[in-house]
Amino acid sequence: MKVLVTGGAGFIGSNLALELEKQGNEVIIADNLLTGTKDNLKGFNGRFMQIDVSKPFEIDEKLDIIFHQAAITDPRFKDNSEMLRANIEGFKNIIELAKKNDARLIYASTANLYGNGPIPMKEDQEKEIITAYGKSKLEMDRIAATLFDSMHIVGLRYFNVFGPGESFKGRAASMIYHLSRQIKADKHPRLFEHGEQKRDHIYVKDVVEATIKAAKARSGIYNVGTGTATTFNQLVGILNDVLNKDLKIEYFQSPYDMKTYQSNTEADTTLSEKELRWKAKYSLKEGIKDYMLWLKDNEGVKENE
C-alpha cells in the first residue's frame, strides 16, 4: 500500500508513519515542520515532503490511503482565526486529494469538542465547544458526515494521548510527560487544586493501532480512548509507583478560564469497539511503564520544558 501521512513529523503522526513503514507500506510524509520535528523520524526510510497542506500543493503519487494528522492542535494557540483557517482548509484540500486518488481517508478529530459535556462521552451527544481548536474539528466532522455515502472517510476523536515523540510540544505535551519530569527531578508534582479532575489517558501505541484499523472500518466518526478516566491525584500515585518515588502533591489554582477548560474526559468506546474491531490494550500503568522505559533510553534526545 502507498500511504500518505500528513503531520507525519508530529507526535501521533510520526508514531503512525513509523509503524506503517514497519508493516511494509510505502509511506510518504507531508509536514510543514511548523510544530513537528524530524527528530521524531529517526529510522524513517520513506519520502518526506515539506508541505503546508492548508495551502495549494501537489503530490505526484497514486495513493491508497491518506492519514490526515496535520493540524494546529494546541488549544492555547493565540490566533483563533488562523487555527480555524489552517485546520479547515487543510482538511478540504486533503479531501480533494483523496477523491482524486480514490483513496481511503482517515483523519484526526478530537475529544476536545465534547467540552464539559456528560461522561462517558458518546459520539452522538450534543457538543460543547469551548475552544477554537474544538470548533475547527467539529466543522471537519460536519464536512466528513456529508461525504459518508460518497467516499471512505473516518474521523477519530482522540482522547488524552501520551507517549514517545511528544516532548517537542513543550507546554502542550501531556501532563504525564510533565509530571514525570517533575517527579524524576525530585520536585513535588504540581496539580490544579484539588486534583480530582479526570482524564481518559490513552497510550500512543494504542492510538496508532486504532488509526490503522480505521482504514478497514465503515465511514463514520469514532472515539479513540480507553473508556477509563483517572483523576489527577491517582495519576500522580501511578507515576510515583512506576518511578519508585513518594513525592507529595503541590496544589495550585488553575490559571485558565474554567469556561474554556475541559475538566473531565472519558470515552464511551462501544461504537469504536464494534466498528473498528479495536480496544485499547495498555492500561494506564502499563502505558506509563513502557513510556518511562522509552524516555530512559532516549535521555540524550532534546526535550523541551
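Note that numbering that gives the first Met the number 0 has the sequence shown beginning at 0, numbered continuously upward.
Ideal Cβ positions, reconstructed from N, Cα and C, are used throughout, including at glycine.
Neighbourhood of Leu242 by C-beta, 8 Å cutoff - its chain only, sequence neighbours within 5 removed
Within the sequence shown, the letter at position 243 stands for residue 242. Excluding positions up to five away in sequence, the list reads Ser179, Ile182, Lys183, Met291.
Per DSSP, what kind of secondary structure is Leu83 in: helix, strand or coil?
Stepping through the sequence shown from its first residue, residue 83 is reached at position 84. Leu83 falls in the helix class under three-state DSSP.
Near Gln124, what residues of its chain come up, given a Cβ to Cβ distance below 8 Å and the 5 sequence neighbours on each side ignored?
For the purposes of this step, residue 124 is taken as residue 125 along the sequence shown, with counting starting at 1. Cβ-Cβ distances below 8 Å link Gln124 to Tyr113, Gly116, Pro117 in the same chain, with the five nearest sequence neighbours on each side left out; the list follows chain order.
Rounded to whole angstroms, what is the Cα-Cα separation between Glu208 and Glu18?
Here the question's residue 208 lines up with position 209 in the sequence shown. Here the question's residue 18 lines up with position 19 in the sequence shown. Approximately 9 Å, taken between the alpha carbons.
Where Tyr255 falls: helix, strand or coil (DSSP):
Against the sequence shown, residue 255 aligns to sequence position 256. Looking at Tyr255 - three-state DSSP - the assignment turns out to be coil, as it is neither helix nor strand.
Selected residue, minimal CA-CA separation from Lys273, among Lys295, Leu246, Lys212, Glu285
For this step, residue 273 is matched to residue 274 along the sequence shown. Comparing Cα positions, the closest option is Lys212.
Asn159 versus Asn92, Asn100, Ala228, residue with shortest Cα-Cα distance
Translated into the one-based positions of the sequence shown, residue 159 becomes position 160. Among Asn92, Asn100, Ala228, the Cα nearest to that of Asn159 is on Ala228.
Cα-Cα separation, Asn86 to Ser108:
The residue labelled residue 86 in the question sits at position 87 within the sequence shown. The residue labelled residue 108 in the question sits at position 109 within the sequence shown. One C-alpha to the other measures close to 11 Å.
If you reduce the DSSP assignment to three classes, tell me which class Asn303 lands in.
Here residue 303 refers to the residue found at position 304 of the sequence shown. Unreliable positioning characterises Asn303 in this predicted model, as indicated by a pLDDT of 44, which lies under 50. A coordinate reading is not provided.
Would Leu246 and Lys186 qualify as a contact pair, given that the criterion is a beta-carbon distance under 9 Å?
As a working note, residue 246 is residue 247 in the sequence shown. As a working note, residue 186 is residue 187 in the sequence shown. Yes, these two residues count as a Cβ contact at 9 Å.
Can you look up Val235 in the DSSP assignment and give me helix, strand or coil?
Mapped onto the sequence shown, residue 235 falls at position 236. DSSP places Val235 in helix when its eight states are reduced to three.
Measuring alpha carbon to alpha carbon, tell me which of Lys91, Asn44, Phe161, Gln22 ends up nearest Lys54.
Position 55 of the sequence shown holds residue 54. Per the Cα distances, Lys91.
Can you tell me which of the three DSSP states Ser179 falls into?
For this step, residue 179 is matched to residue 180 along the sequence shown. Helix.
What are the boundary residues of the beta strand (DSSP E) that includes Val2?
As a first step, residue 2 must be located in the sequence shown, where it is residue number 3. Residues 1-5.
Assign Arg217 to one of three DSSP states: helix, strand, or coil.
Within the sequence shown, residue 217 is the residue found at index 218, counting from 1. Coil, per DSSP.
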